[in-house]
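S.K.: Residue numbers (the numbering used here): 672 to 1298.
(1) Should residue 1189 and residue 885 be called a contact, given that it needs their Cβ atoms to be closer than 7 angstroms?
(2) Distance check for residue 704 and residue 735, CA to CA, integer angstroms please.
(3) The alpha helix (DSSP H) spanning residue 1236 covers which residue range?
(4) Please go through the same chain and pick out, in chain order, the residues whose beta-carbon is closer than 8 angstroms to the beta-carbon of residue 1292, but skip the five residues on each side of it.
(5) With three or more C-beta pairs closer than 8 angstroms as the rule, is the stretch 901-914 touching the stretch 1118-1127?
(6) Is the separation between the beta-carbon of residue 1145 and that of residue 863 shorter than 7 angstroms?
(7) Could you check which residue in 1043, 775, 745, 740 has the C-alpha nearest to that of residue 765?
(8) Residue 719 by DSSP, collapsed to three states: which one?
(9) Can you tell me whether residue 798 is buried or exposed? The criterion is at least 16 other CB atoms within 10 Å of its CB, across all chains shown.
(10) Can you round the beta-carbon distance between residue 1236 and residue 1160 to whole angstroms, since I take them to be within the 8 angstroms contact cut?
(11) Taking only the alpha-carbon atoms, compute the straight-line gap between residue 1096 and residue 1027 and give it to the nearest angstrom.
(12) Quick one: Cα of residue 1282 to Cα of residue 1062, how far?
(13) Closest by CA to residue 919, which one among 790, 958, 802, 1105?
(14) For residue 700, which residues in the same chain have their Cβ closer than 7 angstroms to its Cβ, ignoring the five residues on either side in sequence?
(15) Helix, strand or coil for residue 778, going by three-state DSSP, please let me know.
(16) Counting pairs of Cβ atoms below 8 angstroms between the stretch 869-884 and the stretch 1098-1110, do you hit three or more?
(17) Report the residue from 759, 906, 794, 926 whose alpha carbon sits nearest the alpha carbon of residue 710.
(18) Only counting the same chain, and skipping five residues up and downstream in sequence, which positions put a Cβ closer than 7 angstroms to that of residue 1081?
(19) What does the alpha-carbon distance come out to for the pair residue 1086 and residue 1036?
(20) On a Cα-Cα basis, can you pick out the residue from 1072, 1201, 976 that is closest to residue 1278?
(21) Could you tell me the distance, in whole angstroms, from the CA atom of residue 1132 to the CA atom of residue 947?
(22) Considering only their Cβ atoms, is the gap separating residue 1262 from residue 1168 smaller than 7 angstroms?
(23) Given a cut-off of 7 angstroms, decide if residue 996 and residue 1093 are closer than it, judged by their beta-carbon atoms.
(24) Is it true that the CB of residue 926 sits closer than 7 angstroms to the CB of residue 953?
(25) Anyone know if the C-beta pair for residue 1266 and residue 1246 falls short of 7 angstroms?
(26) Please check the pair residue 942 and residue 1163, which I expect to be a contact at CB under 8 angstroms, by giving their CB distance rounded to whole angstroms.
(27) Tell me which residues share the same chain as residue 994 and place their Cβ nearer than 6 angstroms to its Cβ, disregarding the 5 neighbours each side in the sequence.
(28) Does the beta-carbon distance from residue 1215 to residue 1170 come in below 7 angstroms?
(29) Using CA atoms only, rank isn't needed, just tell me which of 853, 970, 1184 is closest to residue 835.
(30) Under 8 angstroms: do the stretch 1050-1059 and the stretch 818-836 share three or more Cβ pairs, one atom per stretch?
(31) Using CA coordinates, which residue listed in 1208, 1182, 1172 is at the minimum distance from residue 1284?
(32) Quick one: is residue 769 buried, meaning 16 or more other Cβ sit within 10 Å of its Cβ, or exposed?
(33) Compare the C-alpha of residue 1031 against each of 929, 998, 876 and name the closest.
(34) Rounded to a whole number of angstroms, what is the C-alpha to C-alpha distance between residue 1130 and residue 1208?
(35) Buried or exposed: residue 878, going by 16 or more other Cβ atoms within 10 Å of its Cβ?
(36) Residue 1069 and residue 963 look like a contact to me (Cβ under 8 angstroms); what is the Cβ gap, rounded to whole Å?
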């Protein structure tokens, strides 16, 4: 499929003559949408024409926005932005179209959850949708799903099965099938899904896109029709990790009106360790699918060639926890979510979904409590097991089935697809599903990186590098990852320039490492600094002083978790302190500075260019003196 779709729009000009304009939007990333608006290559009204050309028979959609619904959103955006000094800064998603899984409220649309008995029009946006609209994004439609978000296949819907974007004989993955499909085909750069058992990850793998499953509570669930309220996460599908990250940072906000919303603790690393340490299951089950097994083995070999340390771990606790989601009393949470409908509208249920959800009725309160205790025990074991690693790497799905195969054995085959996803939310983990290549039959294969809660930023940092390295086609498009110079900075970390004893390998570096700080880069200050060797300090320390006739000094930049920054600063001895340091490229970051009195009797060592060279010089002098 060509990545450029030429929408031909007839517009009237002065004498009634019509002129054809071409709008090139298929497969655009968020940055490309932003650029097109900034250069006036497209206008907000272009979205009406885009939507008008969506095929109403496309099973990926349950409802498509009308021209009136688009116009209403445009008017609101115009009102919000009319006094904006910078559209790019104040409205990072200005005019960017997106789709919403149809179990999430969008004002003016029915929230069906793929059940035709639900016909009520939402009067207000879900909180996530509100935040995206506030950032300038425009909803162009609601997407199909496995009914009540119960399934990983994309076939359990009265609106039809959503086909795989690479081979229509195969499943698209679910439950967020429609959202994944419209992103993979480039109709929108991102879409909202949900993830309870893997619904935000399996469709990503089957359609060669990114699926970001946040830490539970990172995004508000207010306005979401629940599947399992205690486990549900609204998730993001995107063509690129960078786009998923941009959207995630907009959505991250504590919502006091959502009882499951959580505040970011700001005490976790921004990146993985410099020496990558990954865990993989000791025994992997691909259910006889040799093609998927081969691609996963190749992925592991690639990671090892990139000097990642791969450790096989016992997976029994993960498997036991995963089984609880559908094979134990946890399924009763799904029953509770649709209790009223079960009493009066069973004829509107997908037969497989009905069979699953009705199973919840056979469990007692005692069963539920025992399941909760087991979940806590297993989750603790899993969290302890992962504490020694940057992330667990698993196949997002161990195999894939045709739509026809699913019809023959819908429950068992669906369970197979959740082998490496079902435990994630039960164990309170974060996850990022990434494309990892293609099978011999040309179907995409994906991996998922799973890490502790709130390690979302670290997952994203690796994901961006991974996507850049592989340089795969985006989604089902004939398009590769566009170059971008935009680098996001974590809002939960403080970037600190260290210049002396806190450098990598130096005596006080542990004060950073033990607080989960991460080395970002080595650079230099501007040419307005001098470096002094302070007298009487143990271990030896330098003082950095700003002065007009100075020079550039080598520094390391470290991202320190915000919640740990205060304790780090508290350990800084006089005459040193924490201030602001100018870098050679004009950036200002927090950094070590020295009180003027501290350098009165100190040696100016600026000519060494940095503390490490000075220490090496001093050590060599000591050796020569000893000899």
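Note that the Cβ used here is the ideal one computed from N, Cα and C, for glycine as well. Remember, it's a predicted structure, so these values are computed and weren't measured experimentally.
M.R.: Quick look at the numbers:
(1) For the purposes of this step, residue 1189 is identified with residue 518 of the chain shown, where counting begins at 1. For the purposes of this step, residue 885 is identified with residue 214 of the chain shown, where counting begins at 1. No, the pair does not count as a contact, with Cβ atoms beyond the cut-off.
(2) Your numbering for residue 735 matches position 64 in the chain shown. Your numbering for residue 704 matches position 33 in the chain shown. Near 20 angstroms, if we compare the C-alpha coordinates of residue 704 and residue 735.
(3) The residue given as residue 1236 occupies position 565 in the chain shown. It spans 1233-1241 - the alpha helix (DSSP H) in which residue 1236 sits, taken as one unbroken run.
(4) Counting from 1 along the chain shown, the entry for residue 1292 is found at position 621. Cβ within range, chain order: n/a, list empty.
(5) no
(6) By one-based count along the chain shown, residue 1145 stands at place 474. By one-based count along the chain shown, residue 863 stands at place 192. Against a cut-off of 7 angstroms, the Cβ pair of residue 863 and residue 1145 comes out as no contact.
(7) As a working note, residue 765 is residue 94 in the chain shown. Out of 1043, 775, 745, 740, 745 has the C-alpha closest to the C-alpha of residue 765.
(8) As a working mapping, residue 719 is identified with position 48 in the chain shown. Helix.
(9) Start at 1 with the first residue of the chain shown, and residue 798 comes out as number 127. Label assigned to residue 798: buried.
(10) The residue you call residue 1236 lines up with position 565 of the chain shown. The residue you call residue 1160 lines up with position 489 of the chain shown. Not really, about 15 angstroms apart at Cβ, beyond 8 angstroms.
(11) As a working mapping, residue 1096 is identified with position 425 in the chain shown. As a working mapping, residue 1027 is identified with position 356 in the chain shown. Straight-line Cα distance between these residues: approximately 19 angstroms.
(12) Sequence index remark: in the chain shown, residue 1282 carries index 611 (1-based). Sequence index remark: in the chain shown, residue 1062 carries index 391 (1-based). Approximately 34 angstroms, taken between the alpha carbons.
(13) By 1-based counting over the chain shown, the position of residue 919 is 248. For the residues 790, 958, 802, 1105, the minimum Cα distance to residue 919 belongs to 802.
(14) As a position in the chain shown, residue 700 is number 29, starting the count at 1. Here the set comprises 860, 910, 911, 914, 1153.
(15) Within the chain shown, residue 778 is the residue found at index 107, counting from 1. Three-state DSSP puts residue 778 in coil, outside helix and strand.
(16) yes
(17) Within the chain shown, the letter at position 39 stands for residue 710. Ranking 759, 906, 794, 926 by Cα distance to residue 710 puts 759 first.
(18) Residue mapping note: residue 1081 aligns to position 410 of the chain shown, counting from 1. Around residue 1081: 1023.
(19) Residue mapping note: residue 1086 aligns to position 415 of the chain shown, counting from 1. Residue mapping note: residue 1036 aligns to position 365 of the chain shown, counting from 1. Cα to Cα, the separation comes out at about 25 angstroms.
(20) Along the chain shown, one-based indexing puts residue 1278 at 607. The residue with the shortest Cα to Cα distance from residue 1278 is 1201.
(21) The count along the chain shown starts at 1 and reaches residue 1132 at position 461. The count along the chain shown starts at 1 and reaches residue 947 at position 276. Answer to the nearest angstrom: the Cα atoms are 12 angstroms apart.
(22) Residue mapping note: residue 1168 aligns to position 497 of the chain shown, counting from 1. Residue mapping note: residue 1262 aligns to position 591 of the chain shown, counting from 1. Yes, Cβ-Cβ distance for residue 1168 and residue 1262 is below 7 angstroms.
(23) What you label residue 1093 is simply residue 422 of the chain shown in a count that begins at 1. What you label residue 996 is simply residue 325 of the chain shown in a count that begins at 1. It is a contact, given that the beta carbons lie within the stated cut-off.
(24) Taking the chain shown and counting its residues from 1, one reaches residue 953 at position 282. Taking the chain shown and counting its residues from 1, one reaches residue 926 at position 255. For residue 953 and residue 926, no; Cβs fall outside 7 angstroms.
(25) Locating residue 1266 in the chain shown gives position 595, where the first residue counts as 1. Locating residue 1246 in the chain shown gives position 575, where the first residue counts as 1. Against a cut-off of 7 angstroms, the Cβ pair of residue 1246 and residue 1266 comes out as a contact.
(26) The residue labelled residue 942 in the question sits at position 271 within the chain shown. The residue labelled residue 1163 in the question sits at position 492 within the chain shown. With a Cβ gap of about 12 angstroms, residue 942 and residue 1163 do not count as contacting.
(27) Locating residue 994 in the chain shown gives position 323, counting from the first residue. No residues qualify anywhere along the chain.
(28) Position 544 of the chain shown holds residue 1215. Position 499 of the chain shown holds residue 1170. Closer than 7 angstroms, so yes.
(29) Taking the chain shown and counting its residues from 1, the one referred to as residue 835 is at position 164. Ranking 853, 970, 1184 by Cα distance to residue 835 puts 853 first.
(30) no
(31) Translated into positions along the chain shown, residue 1284 becomes position 613. The shortest C-alpha separation from residue 1284 is found at 1172.
(32) For the purposes of this step, residue 769 is taken as residue 98 along the chain shown, with counting starting at 1. Result: buried.
(33) For the purposes of this step, residue 1031 is taken as the residue at position 360 of the chain shown. Of 929, 998, 876, the residue nearest in Cα terms is 998.
(34) As a position in the chain shown, residue 1130 is number 459, starting the count at 1. As a position in the chain shown, residue 1208 is number 537, starting the count at 1. The straight-line gap from Cα to Cα measures roughly 39 angstroms.
(35) Along the chain shown, one-based indexing puts residue 878 at 207. It counts as buried.
(36) As a first step, residue 1069 is located in the chain shown; it is residue number 398 there, counting from the start. As a first step, residue 963 is located in the chain shown; it is residue number 292 there, counting from the start. With 8 angstroms as the limit, residue 1069 and residue 963 qualify as a contact, their Cβ atoms being about 6 angstroms apart.
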